[in-house]
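J.:
Number of protein chains: 2
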Amino acid sequence: MINPTSMSIPLPLLDQVPTQAQIEQIHHQIAAWVPPTPVLNFHFLDRELGCSIHFKCEQFHEIGAFKLRGATSAALALDESARSKGIATHSSGNHAQATACIAQRLGIPAYIVMPSNAPKVKIEATRRFGAEITFCEPTQQARESALAEICARTGAYFIHPYNNYNVIAGQATAVKELLEQVPDLDVVITPVGGGGLLSGTALWNHYLGRPVNVLGAEPVAVNDAWRSFHSGKIESNASTDTLADGLKTTLGEYTFALIRQFVQDIITVSEQEMIEGMSVLWKRAKLVVEPSGAVPFAAILRDPAPFSGQRIGVVLSGGNVDLDHLPF
Amino acid sequence: MINPTSMSIPLPLLDQVPTQAQIEQIHHQIAAWVPPTPVLNFHFLDRELGCSIHFKCEQFHEIGAFKLRGATSAALALDESARSKGIATHSSGNHAQATACIAQRLGIPAYIVMPSNAPKVKIEATRRFGAEITFCEPTQQARESALAEICARTGAYFIHPYNNYNVIAGQATAVKELLEQVPDLDVVITPVGGGGLLSGTALWNHYLGRPVNVLGAEPVAVNDAWRSFHSGKIESNASTDTLADGLKTTLGEYTFALIRQFVQDIITVSEQEMIEGMSVLWKRAKLVVEPSGAVPFAAILRDPAPFSGQRIGVVLSGGNVDLDHLPF
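Taken in sequence, the protein lines are chains A and B.
Numbering of the first sequence is given in the numbering used here, commencing with residue 1 and proceeding in unit increments.
Numbering of the second sequence is given in the numbering used here, commencing with residue 329 and proceeding in unit increments.
1) Apart from the five residues just before and just after Gly200 (chain A), which ones in its own chain have a Cβ nearer than 6 Å to its Cβ?
2) Mind pulling the chain A residues with CB within less than 8 Å of His423 (chain B)?
3) Which residues, in chain order, does the region 387-401 of chain B contribute to contact with chain A at a C-beta distance below 7 Å?
4) Check whether the region 83-90 of chain A and the region 150-170 of chain A are in contact - that is, three or more C-beta pairs closer than 8 Å.
5) Going straight from the alpha carbon of Ile312 (chain A) to that of Val39 (chain A), what length do you get?
6) Starting from Pro219 (chain A) and walking both ways along the beta strand (DSSP E), at which residues does that stretch end?
7) Strictly under 7 Å for the Cβ-Cβ distance: is Phe44 (chain A) near chain B by that measure?
8) Let me check understanding here. Comparing Cα to Cα, which of B:Asn565, B:Gly646, B:Ile595, B:Arg455 lies closest to Gly574 (chain B)?
9) Run down chain B in chain order and give the residues with a C-beta less than 8 Å from the C-beta of Gly319 (chain A).
10) If we require 3 or more residues per run, which beta strand (DSSP E) segments fall completely within the region 103-148 of chain A?
11) Which parts of the region 571-601 of chain B are runs of the alpha helix (DSSP H), unbroken and 4 residues or longer, counting only runs that do not cross its ends?
12) Please report the straight-line C-alpha distance between Asp650 (chain B) and Leu615 (chain B), rounded to a whole angstrom.
13) In or out: Arg397 (chain B) buried (at least 16 other Cβ within 10 Å) or exposed?
14) At the 7 Å Cβ level, is Trp361 (chain B) part of the contact set with chain A, yes or no?
15) Over the uninterrupted alpha helix (DSSP H) stretch that includes Thr400 (chain B), give me the two end residues.
16) Pull the bridge partners of Ser380 (chain B) from the DSSP assignment, please.
17) Flag this pair as touching only if the region 561-574 of chain B and the region 528-542 of chain B have three or more C-beta atom pairs under 8 Å; answer yes or no.
18) Taking the straight line between their C-alpha atoms, what separation do you get for Gly421 (chain B) and Asn533 (chain B)?
19) Report buried or exposed for Asp224 (chain A), applying the criterion of at least 16 other Cβ atoms within 10 angstroms of its Cβ.
20) Consult DSSP for His418 (chain B) and reduce its assignment to one of helix, strand or coil.
21) Any beta carbon of chain A sitting closer than 7 Å to that of Trp610 (chain B)?
22) Here's a check: name, in chain order, each residue in its chain whose Cβ is nearer than 8 Å to the Cβ of Pro511 (chain B), leaving out the five neighbours to either side.
23) Give the straight-line distance between the Cα atoms of Phe297 (chain A) and Phe584 (chain B), rounded to the nearest whole angstrom.
24) Kindly list the residues whose CB is nearer than 7 Å to the CB of Ala221 (chain A), restricted to its own chain and excluding five residues on each side of it in sequence; keep chain order.
25) Please work out which residues of its chain come closer than 7 Å, Cβ to Cβ, to Gly523 (chain B), disregarding the five sequence neighbours upstream and downstream, and give them in chain order.
26) Can you check which of these residues, A:Ala285, A:Gly309, A:Leu326, A:Arg284, is closest to Pro291 (chain A) by C-alpha distance?
27) Excluding the five sequence neighbours on either side, which residues of its own chain have a C-beta within less than 6 Å of the C-beta of Gln432 (chain B), listed in chain order?
28) Please determine, among B:Thr365, B:Gln353, B:Val345, B:Ile354, the residue with the shortest C-alpha to C-alpha distance to Gln509 (chain B).
29) With 16 as the cutoff for other CB atoms within 10 Å, does Pro18 (chain A) come out buried or exposed?
30) Which partner residues does Cys57 (chain A) have in the DSSP bridge list?
31) Between A:Pro138, A:Thr139, A:Thr134, A:His160, which has its C-alpha nearest Glu149 (chain A)'s C-alpha?
32) Mind pulling the chain B residues with CB within less than 9 Å of Pro296 (chain A)?
33) When DSSP builds the beta bridges, which residues end up paired with Val367 (chain B)?
34) Leaving out the 5 sequence neighbours to the left and right, which residues in its chain are closer than 6 Å to Gly521 (chain B) when beta-carbon positions are compared?
35) Quick check on the DSSP output: what are the complete alpha helix (DSSP H) runs of length 4 or more inside the region 11-40 of chain A, in order along the chain?
As structure tokens, this is what we get:
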């Protein structure tokens with residue numbers, strides 16, 4: 001149980017795996033900034049696939065992706081003094097927009113380091129939220145040193161995109177909502193990149209103690225999570241040649257430990273299967289979903305037999321895609 | 329009140345304006361074939377526009393448009409013997425798919441007359457539902473004579489896309505659902521082409537007796553409804569140069585009479601405003617909406633001031649669009 005009087009005092013930054021009560025409190029805290037997203041069902045897809053799919057529509061957030069949950073959770077954990085110095089991250093993707101968006105809403109500075117080759121559409125989206133963007137060479141080292149310099153100079157707090165317990169707790173609120181909206185699911189599938197969404201999902205499901213299988217899904221071209229899950233150590237990708245720009249990162253120490261412990265399996269799909277899943281979501285379900293977000297549905301579409309008769313929660317993680325370069 | 333024992337006996341074909349009880353019964357009858365569509369709200373759009381918009385998502389039907397309601401309503405009104413001869417229509421658009429879809433579900437033939445220049449994507453969608461397609465020259469006369477020949481030969485029932493009271497009653501169920509889902513609306517706006525959706529919406533709102541303003545919206549390039557509304561007689565379009573392929577038709581006798589009586593106003597938007605509305609729905613709300621379906625929202629986006637503080641139901645009428653030819 002949450003003590004109602006504690007509700008007005010934000011949780012501090014967490015240095016351990018979030019408890020069930022902490023995730024509940026964080027969900028309560030972010031609610032004013034991150035309204036619940038709807039769950040959609042398409043009876044004709046269910047009929048054709050022989051299972052019942054409940055799409056958790058995280059593409060409907062203000063920034064078009066679930067990342068707003070984690071960034072908001074972390075930003076609200078800072079006390080007044082820390083918060084006023086701002087928040088920072090390095091990202092060319094949805095976490096950059098999430099950090100910029102919540103900073104703008106809170107009236108604090110956001111410092112985003114982006115690689116010089118970041119897609120224009122994502123630069124513009126981040127700029128729209130008033131963030132200060134610093135461009136750097138497109139290498140991990142250049143990103144990290146640019147960010148370190150900014151944080152040292154400004155005192156801004158670095159919100160890691162996934163290896164941060166407040167972020168993980170924030171992402172866990174997506175499945176918390178989903179299981180409140182559709183309680184009797186047999187399976188929940190989320191994409192897995194850095195693992196924030198998947199680890200939060202698995203952790204929350206563990207706390208509920210329900211017999212729901214939690215699966216991660218990723219493109220076979222960046223199957224580091226699948227390999228890590230089976231080898232028992234964090235594996236990296238030799239190359240990242242995939243359209244799923246949100247799933248190129250490798251797992252973090254925190255996310256990997258939770259995934260190993262509480263996830264049932266990782267499944268992989270080919271690029272072509274991912275594109276086919278995305279195409280069906282656009283053309284039949286009329287939903288704008290980015291390649292990364294289509295991966296879990298693509299796994300069902302490719303081979304619905306193992307899911308026959310099941311009630312499946314599918315997290316559509318985002319819908320930020322360049323409409324000039326659709327892959328179908 | 330509906331007599332529950334009458335529920336299992338389909339209403340016959342209507343030759344007068346549907347009563348409230350008849351619309352209720354039709355809604356009940358089509359429910360197994362046409363599940364309710366969700367209503368979505370985007371708090372960030374509300375914040376930016378200064379009003380509260382509730383999107384009735386008719387693009388989520390199996391055929392991607394509201395037309396399935398009317399076609400199903402009409403098909404179910406046929407008795408066994410009439411129904412077995414099949415249903416027919418001439419259309420290059422969503423009504424063709426709707427007629428083909430419900431015929432396939434009922435296991436009866438569908439005969440669709442399409443102009444030879446109909447978009448490939450719509451021909452394929454109609455064919456996917458197993459309809460027998462007859463191509464004709466792209467003139468109204470050629471369509472009508474091809475259809476007459478088919479109906480004479482097969483005995484199939486012609487489902488007019490809008491000038492049919494069973495179709496109008498079917499389309500009325502969209503706003504019936506919307507006002508059950510979000511009861512306290514100030515305004516409801518639908519696109520207006522032939523007027524089936526708008527007349528059904530206005531009629532149902534009239535029966536409810538609530539102070540909801542019902543507005544129609546159309547592109548200025550095909551502003552026949554606006555001109556008809558003001559002149560008092562059915563006007564036609566000298567040209568139909570608009571991207572809103574669903575709104576090129578003129579009003580019918582039945583729909584016009586209801587629109588004149590029960591609609592508060594018709595508003596028009598430019599092509600550019602329509603495209604801008606469509607663009608925002610895709611890029612910000614992540615919804616696939618066709619040009620026709622974006623017209624009501626475009627009217628608010630163009631000038632939100634008259635809607636300030638209001639609760640608005642916006643019917644997104646469909647999402648069938650050629651992804652290779654996006655206008656933005």
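Note that beta-carbon positions come from the ideal geometry of N, C-alpha and C, so glycine has one too.
Since the model is a prediction, treat every value here as computed from it, not as a measurement.
T.: Considering the structure as presented:
1) Here residue 200 (chain A) corresponds to residue number 200 of the first sequence, with the count starting at 1. Excluding positions up to five away in sequence, the list reads Ile168, Gln171, Ala172.
2) Counting from one through the second sequence, the residue named residue 423 (chain B) turns up at place 95. Simply none; closest approach about 18 Å.
3) Gln387, Phe388, Glu390, Gly392
4) yes
5) As a working mapping, residue 312 (chain A) is identified with position 312 in the first sequence. As a working mapping, residue 39 (chain A) is identified with position 39 in the first sequence. The alpha-carbon atoms of Ile312 (chain A) and Val39 (chain A) are separated by roughly 12 Å.
6) Here the question's residue 219 (chain A) lines up with position 219 in the first sequence. It spans 213-219 - the beta strand (DSSP E) in which Pro219 (chain A) sits, taken as one unbroken run.
7) Numbered from 1 along the first sequence, position 44 holds the residue referred to as residue 44 (chain A). Yes, Phe44 (chain A) counts as interfacial toward chain B.
8) By one-based count along the second sequence, residue 574 (chain B) stands at place 246. Comparing Cα positions, the closest option is B:Gly646.
9) On the first sequence, position 319 is the one that residue 319 (chain A) refers to. Gly319 (chain A) reaches chain B at Lys614, counting residues in chain order whose Cβ is nearer than 8 Å.
10) If we require 3 residues or more, the beta strand (DSSP E) runs fully inside the region 103-148 of chain A come out as 110-115, 132-136.
11) 581-590
12) Along the second sequence, read from residue 1 onward, the residue named residue 650 (chain B) stands at position 322. Along the second sequence, read from residue 1 onward, the residue named residue 615 (chain B) stands at position 287. Their backbone Cα atoms lie some 14 Å apart in a straight line.
13) Position 69 of the second sequence holds residue 397 (chain B). Arg397 (chain B) is buried by the Cβ-count criterion.
14) As a position in the second sequence, residue 361 (chain B) is number 33, starting the count at 1. So no, Trp361 (chain B) is outside the interface.
15) For the purposes of this step, residue 400 (chain B) is taken as the residue at position 72 of the second sequence. Taken as a continuous stretch (DSSP letters only), the alpha helix (DSSP H) holding Thr400 (chain B) covers 395-405.
16) The residue you call residue 380 (chain B) lines up with position 52 of the second sequence. The beta-bridge partner set that DSSP reports for Ser380 (chain B) consists of B:Arg639.
17) no
18) As a working mapping, residue 421 (chain B) is identified with position 93 in the second sequence. As a working mapping, residue 533 (chain B) is identified with position 205 in the second sequence. C-alpha of Gly421 (chain B) to C-alpha of Asn533 (chain B): approximately 27 Å in a straight line.
19) Here residue 224 (chain A) refers to the residue found at position 224 when the first sequence is read from its first residue. Burial call: buried.
20) In the second sequence, the residue the question calls residue 418 (chain B) occupies position 90. Reduced to three states, the DSSP call for His418 (chain B) is strand.
21) Numbered from its first residue, the second sequence carries residue 610 (chain B) at position 282. Yes, its Cβ sits closer than 7 Å to a Cβ of chain A.
22) Looking up residue 511 (chain B) in the second sequence gives position 183. Contacts found: none.
23) Counted from its first residue, the first sequence places residue 297 (chain A) at position 297. Counted from its first residue, the second sequence places residue 584 (chain B) at position 256. Rounded to the nearest angstrom, the two C-alpha atoms are 44 Å apart.
24) Residue numbering aside, residue 221 (chain A) sits at position 221 when the first sequence is read from its first letter. Result list for Ala221 (chain A): Asp241, Thr242, Glu271, in chain order.
25) Start at 1 with the first residue of the second sequence, and residue 523 (chain B) comes out as number 195. Close CB contacts of Gly523 (chain B) within its chain, under the 7 Å cut and outside five residues either way in sequence, are with Tyr490, Ala553, Leu579, Gly580, Thr583, Phe584, Ile587 (chain order).
26) Locating residue 291 (chain A) in the first sequence gives position 291, where the first residue counts as 1. Checking every option, the nearest Cα to that of Pro291 (chain A) belongs to A:Leu326.
27) Locating residue 432 (chain B) in the second sequence gives position 104, counting from the first residue. These residues qualify, in order along the chain: Phe457, Gly458.
28) The residue you call residue 509 (chain B) lines up with position 181 of the second sequence. Of the candidates B:Thr365, B:Gln353, B:Val345, B:Ile354, the one whose C-alpha sits nearest the C-alpha of Gln509 (chain B) is B:Thr365.
29) For the purposes of this step, residue 18 (chain A) is identified with residue 18 of the first sequence, where counting begins at 1. That one is buried.
30) Counted from its first residue, the first sequence places residue 57 (chain A) at position 57. Answer is A:Leu316.
31) Along the first sequence, one-based indexing puts residue 149 (chain A) at 149. Checking every option, the nearest Cα to that of Glu149 (chain A) belongs to A:Thr134.
32) Numbered from its first residue, the first sequence carries residue 296 (chain A) at position 296. What Pro296 (chain A) touches in chain B: nothing, since even the nearest Cβ is about 17 Å away.
33) Taking the first residue of the second sequence as 1, we reach residue 367 (chain B) at position 39. Answer is B:Lys384, bridged to Val367 (chain B).
34) Taking the second sequence and counting its residues from 1, the one referred to as residue 521 (chain B) is at position 193. Same-chain partners within the cutoff: Gly574, Leu575, Thr577.
35) Complete alpha helix (DSSP H) runs here, min 4: 20-30.
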